[in-house]
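Numbering (the working numbering), first residue to last: 1 to 165.
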């Protein structure tokens, strides 16, 4: 059997503002804890809530996206802090309306107000592709950093809708 399989792992650029926010929330949590223990007891509830929120938020600081393309099916997963995986979406090749590099003329025929989902590294000057899929909820624009072999595999399944320029 001739199965096409391609797996791509893209590491998202960390936002320093997110790290500053998490540190500030931890400091606020510690202050609420101290004040709750010694001055005003209900601040302990706020400290616990802030602690849970900080724990949740810090678990999502480092994000990697994994694209797995298998015989016309594109699966997108997010990996948080190299420990927790979450399946984000699955798209079939029959749903693909257009795949082209960002800024391509081929994308001009599709509305720009479609829901945009950015699965790129977020680094400037990094080329990426825009995939437009027809879903049950309308059109979705995906920003993906695909390799040339993944684009060629997608082109084998849907040659009319995959553009290289």
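By construction, the Cβ of each residue, glycine as well, lies at the ideal position given by its N, Cα and C atoms.
Quick caveat: nothing in here was measured; it's all calculated off a predicted structure.
* **Length at least 3, wholly inside the segment 82 to 151: the beta strand (DSSP E) runs in chain order** => 84 to 92, 96 to 101, 115 to 118, 129 to 135, 138 to 144
* Of the listed residues 89, 14, 124, nearest to residue 59 (C-alpha basis) -> Checking every option, the nearest Cα to that of residue 59 belongs to 14.
* Asked: In three-state terms, what does DSSP make of residue 39?
  -> coil
* For residue 164, count neighbouring Cβ atoms within 10 angstroms of its own Cβ and tell me buried if that reaches 16, exposed if not. => exposed
* For residue 142, which residues from the same chain have a beta carbon less than 6 Å from its beta carbon, with the 5 sequence-adjacent residues on both sides left out? -> 117, 131
* To do: Count the other CB atoms, across all protein chains shown, that sit within 10 Å of the CB of residue 52; report buried if there are 16 or more and exposed otherwise.
  => The residue in question, residue 52, is exposed, as its Cβ has fewer than 16 Cβ neighbours within 10 Å.
* Asked: Tell me which same chain residues have a C-beta within less than 8 Å of the C-beta of residue 114, skipping the five on either side of it?
  -> 132, 138, 139, 140, 141
* Of the residues 123, 97, 121, which one's Cα is nearest the Cα of residue 154? -> 97
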